[in-house]
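Structure first, then comments.
Protein chains in written order, with the numbering used here: chain A, 3 to 277; chain B, 3 to 277.
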């Protein structure tokens, strides 16, 4: 398979820079007239894929909303992943997994090699970037991606993310530098296998985002307050096609009949801002 | 339901201080002569419960090893949770979930109110402790617990966990202080609803662990190198019954026929060290 970052760049070139979060929360299921059960999840996902195929390059199911319904919910997620792939959409599973050793490898089995295999998985680095190496290895070997949560879109994260490491840089800058090093390590499949999640609500970090070398996923557009102009400023100078601003509630809240038009509008705004 | 910490203290008083990690990794399934599929997971779990009921107070399934098999694996985990409860064992789901807003609430639905409801859930605080409030609320309301990963057992985590916040303390100390404050906030159900995960391989943090006021889960005993004596030193002065050292591979590696004896031996060593 072509490496993840190259697939994203090509898909953004074809369909524009927007990742649509598929967030079947209780509130959105209700707004869409669906039951809060596994069948409701299935209908919600199928309608999203139908509305978005060909219009945007990437969808991002939020795994928590599937996990709410246990194994039946996870089965609905498996179905969604298959439907999205059939429709030519890339899939990022927003799972924010993160653990050490054989457990990290088990998450790689689940999300990069196994029954839930997606184009990329979000991970959380509280256990240290080095502990996530089994996930990076799996991404390199499969042409999939791992997106490390570096700077979250919410304010509470800054206590941890802006703390100073013993080397004197902030945690988020240390992570960005380490991810850039992974992408230029020369290991087979390394280029662009690891990306970063950087909230579109955040100020530019000290390490230039243009040096990271992988996909930059930017949640926080729309309901969380970031605009297309904010995205343009934050990711100024980044490789065209490698930035994926992500919106969810602001697009899904109008119901399935509005989704295509809302996604097209935001996609075009973002394309203008990311020129 | 009686609050989580009180249930742990009672259970440790009856069965001793040991949490057994249920880690059906590919290597352990093979060592136990089981297939690496959902049926193998089911048999592995059932044999663990059979061997451990009445001998130890708590089991800790590692969710990643179930997620490897997608929805079928999660169904095996649902079965395990039910079997453990029927056998009188408390269950900590080692999922290390962590996200913000409605997503944090969705994880609370899954693990504290819904189809996967367990006695306690491990969470990861990279998004900030404040963002996890929906999980703490759910724990307070249900008598369940949330265990925040503060200091992981692996060395790579220290870059983040020992970084200095703008207030001058380390991230891990800031979290321990904030958890202690949650447990003494006076909110209904608050006492002991939030605990911490502190690797048994770590040195004592600056904030005394005896002040945290919730359950202290201590992975890293056995295969990762920590001994009963290390546990005794690290948790010196903590409330009796509130410390749960956890071991997995060192107990499971000998196969199901050895598990009861291995768990009893370690439990008794730990009881001596935690006097």
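The beta-carbon is built from N, C-alpha and C at its ideal position, and this holds for glycine as well.
Predicted model, so just to flag it, every value in this text is computed and none were measured.
- In the three-state scheme derived from DSSP, where H, G and I count as helix and E and B as strand, residue 10 of chain B is classed as helix.
- Sequence-ordered contacts of the region 160–173 of chain B with chain A read 160, 161, 162, 163, 164, 165, 166, 167, 168, 169, 172, 173 [C-beta pairs closer than 9 Å].
- At least one CB atom of chain B sits nearer than 8 Å to the CB of residue 27 of chain A.
- Distance from the CA of residue 45 of chain B to the CA of residue 174 of chain B, rounded to the nearest whole angstrom, comes to 38 Å.
- Judged by DSSP in its simplified three-state form, residue 120 of chain A adopts coil rather than helix or strand.
- At the C-beta level, residue 100 of chain B and residue 134 of chain B come within 8 Å of one another.
- Straight through space, the alpha carbons of residue 214 of chain B and residue 136 of chain B are spaced by roughly 20 Å.
- Residues of the region 181–200 of chain A with a C-beta atom less than 9 Å from some C-beta of chain B do not occur.
- Taking a C-beta cut-off of 8 Å against chain B, the contacting residues of the region 38–69 of chain A are 64, 66, 67, 69, listed in chain order.
- The C-beta distance from residue 23 of chain B to residue 250 of chain B rounds to 3 Å, short enough to meet the 8 Å contact threshold.
- No Cβ of chain A is located within less than 8 Å of the beta carbon of residue 32 of chain B.
- Exposed is the label assigned to residue 169 of chain A, since fewer than 16 other Cβ atoms lie within 10 Å of its Cβ.
- Between residue 142 of chain B and residue 121 of chain B, the C-beta spacing is not below 8 Å.
- By the neighbour-count criterion, in which a residue is buried when 16 or more other Cβ atoms sit within 10 angstroms of its Cβ, residue 277 of chain B is exposed.
- Between the C-alpha atoms of residue 125 of chain A and residue 201 of chain B there is a straight-line separation of about 21 Å.
- Interface flag for residue 100 of chain A against chain B is set, since a Cβ pair is found closer than 8 Å.
- The beta-carbon distance between residue 153 of chain A and residue 204 of chain A, rounded to whole angstroms, is 5 Å. This is short enough to meet the 8 Å contact definition.
- Taking a Cβ-Cβ cut-off of 9 Å, residue 141 of chain A has no neighbours in chain B, whose nearest Cβ is about 16 Å from it.
- Residue 167 of chain A sits away from residue 130 of chain B, with the two beta carbons spaced by 8 Å or more.
- Distance from the Cα of residue 257 of chain A is smallest, within the candidate group A/12, A/26, A/191, for A/26.
- At a Cβ-Cβ threshold of 8 Å, residue 149 of chain B and residue 112 of chain B do not count as neighbours.
- Cβ contact annotation for residue 233 of chain B (same chain, cutoff 8 Å, sequence separation greater than five): 202, 220, 223, 245, 247, 272, 275, 276, in chain order.
- Pairing residue 4 of chain B with residue 106 of chain A, the inter-Cα distance amounts to about 34 Å.
- Ranking A/218, A/29, A/178, A/39 by CA distance to the CA of residue 94 of chain A puts A/218 first.
- Proximity of residue 87 of chain A to chain B, defined by a Cβ-Cβ separation below 8 Å, is not satisfied.
- In this structure, the CA atom of residue 208 of chain A is about 11 Å from the CA atom of residue 164 of chain A.
- Around the Cβ of residue 195 of chain A, a 10 Å sphere holds 16 or more other Cβ atoms; the residue is buried.
- Within the region 241–257 of chain A, the residues whose Cβ lies closer than 9 Å to some Cβ of chain B are 251, listed in chain order.
- In the three-state reduction of the DSSP assignment, residue 28 of chain B falls in the helix class.
- In this structure, residue 128 of chain B sits near residue 127 of chain A, with a CB-CB distance shorter than 8 Å.
- Within the region 116–139 of chain B, those residues whose Cβ lies closer than 8 Å to any Cβ of chain A are, in chain order, 116, 117, 118, 126, 127, 128, 129, 130, 131, 132, 133.
- Annotation: residue 214 of chain A is outside any beta strand (DSSP E) and is labelled neither H nor E by DSSP.
- The criterion of a C-beta distance shorter than 8 Å is satisfied by residue 252 of chain A and residue 225 of chain A.
- Distances from the CA of residue 237 of chain A to each of A/30, A/260, A/211 were compared; the closest alpha carbon is that of A/211.
- The DSSP-derived three-state label of residue 220 of chain A is strand.
- Secondary structure note for residue 149 of chain B: its beta strand (DSSP E) is the uninterrupted segment 147–153.
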